[in-house]
Amino acid sequence: MKSVVHEIYLSVSGEGISTGLPTIFVRFAGCSLRCGMDGNRKLWCDTPYALSPNAGKHMELEDVISEIGSISSSPTQILLTGGEPLENSNRIFSQTLAEKLKQSRQVSGLYTRVRVETNGAEPISGLENMVFTLDYKLPGSGMENKMILDNLKFVRDRNDNLDEIKFVIRDRKDFDRTLEVINDFKLKGNLLASPVFGELAPEILIDWIKENNRTDLRLSLQTHKYIWGEKRGV
Numbered sequence: 335m336k337s338v339v340h341e342i343y344l345s346v347s348g349e350g351i352s353t354g355l356p357t358i359f360v361r362f363a364g365c366s367l368r369c370g371m372d373g374n375r376k377l378w379c380d381t382p383y384a385l386s387p388n389a390g391k392h393m394e395l396e397d398v399i400s401e402i403g404s405i406s407s408s409p410t411q412i413l414l415t416g417g418e419p420l421e422n423s424n425r426i427f428s429q430t431l432a433e434k435l436k437q438s439r440q441v442s443g444l445y446t447r448v449r450v451e452t453n454g455a456e457p458i459s460g461l462e463n464m465v466f467t468l469d470y471k472l473p474g475s476g477m478e479n480k481m482i483l484d485n486l487k488f489v490r491d492r493n494d495n496l497d498e499i500k501f502v503i504r505d506r507k508d509f510d511r512t513l514e515v516i517n518d519f520k521l522k523g524n525l526l527a528s529p530v531f532g533e534l535a536p537e538i539l540i541d542w543i544k545e546n547n548r549t550d551l552r553l554s555l556q557t558h559k560y561i562w563g564e565k566r567g568v
């Protein structure tokens, strides 16, 4: 079994509830979404180099597992990201990888969390051995019509305390839509509000959260950008 992998490396998680946690990143190639390109605005994806399905090398499943093991024998978290780790051939590869990693860790007596960072346009129901960082694309992304609403229900209903739903917010319209989605789907758990880096100042988003008395929203910053800027593989 093969898929196209752009890079595999060890760093710390930069976002969400696992911020600062030592993490092995497995970045898949290929994503069909182009967030932020509505009107004359620029693409805001922070990994445009991984958007093409050919932006990497074809790797066998066992080679990916071997490379993960060579980086760290006991990682706390493995993050499958992209690109989009659930798009096309990446999907079955990611599912099988998560299953194999779980089996190998059980044999060795280790616990490793496999987290999948997914764009919301691929179905997640039925996927096992992983926790999710599920994006919900807001109007400012130009991609809201691609969202699979059943994904929100799936994360809500399975009630895993490691799952998270991320709202990337460009402006006040996006923030207001975030509140609508949370209320309409009765979402709970780890709900992340993340400002578009370089477009919305974090302090403005904090003010909106405070003004609306949203005790259910957690500010999430891309801390890796504050530390390393646009540097890759760190």
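Going left to right, the sequence shown walks through residues 335 to 568 as the numbering used here numbers them. By construction, the Cβ of each residue, glycine as well, lies at the ideal position given by its N, Cα and C atoms.
- Short of 8 Å from the beta carbon of Ser554, and not among the five residues preceding or following it, lie these beta carbons of its own chain, in chain order: Glu349, Gly350, Thr353, Lys500, Leu526, Ala527, Ser528.
- According to the DSSP assignment, Val502 belongs to the beta strand (DSSP E) that extends over 498-503.
- Distance between Ala389 and Phe427, taken at the CA atoms: about 17 Å.
- For the pair Lys480 and Leu367, the CB atoms are nearer than the 8 Å cut-off.
- The way I'd put it, the stretch 490-500 doesn't touch the stretch 430-438; fewer than three beta-carbon pairs between them come closer than 8 Å.
- Taking one beta carbon from each stretch, the stretch 390-401 and the stretch 454-461 have fewer than 3 pairs nearer than 8 Å; the two do not touch.
- Annotation: the continuous alpha helix (DSSP H) that includes Arg492 extends over 483-492.
- Secondary structure note for Lys336: it is in no alpha helix (DSSP H), and the uninterrupted beta strand (DSSP E) holding it is 336-346.
- In this structure, the straight-line span from the alpha carbon of Leu385 to that of Gln429 is close to 20 Å.
- With a 10 Å radius around the Cβ and a threshold of 16 neighbouring Cβ atoms, His392 comes out exposed.
- Looking only at Met464, Glu418, Tyr383, the smallest Cα-Cα distance to Ser337 is reached by Glu418.
- Out of Ser404, Ala363, Val465, Val515, the CA that lies nearest to the CA of Ile482 is found in Val515.
- Around the C-beta of Thr549, fewer than 16 other C-beta atoms lie within 10 Å, and the residue is accordingly described as exposed.
- DSSP, reduced to helix, strand and coil, places Val360 within a strand of the structure shown.
- Take Ile342, set aside five residues on each side of it, and the residues of its chain with a beta-carbon closer than 8 Å to its own are Ile358, Phe359, Val360, Arg361, Val398, Glu401, Ile402, Ile405, in chain order.
- Ranked by how close their Cα comes to the Cα of Val346, the residues Leu521, Leu413, Glu421 have Leu413 in first place.
- Across the set Leu377, Pro387, Ser407, the C-alpha of Ser407 shows the shortest separation from the C-alpha of Pro356.
- Per DSSP, the beta-bridge partners of Asp469 are Lys500.
- Between Asn485 and Leu513, the gap from beta carbon to beta carbon reaches 8 Å or more.
- Cα atoms of Met371 and Thr452: separation of roughly 19 Å, rounded to the nearest angstrom.
- Cys365 and Lys544 have their C-alpha atoms some 34 Å from each other.
- About 16 Å separates the CB atoms of Thr415 and Thr446; that is not less than 8 Å, and the two are not in contact.
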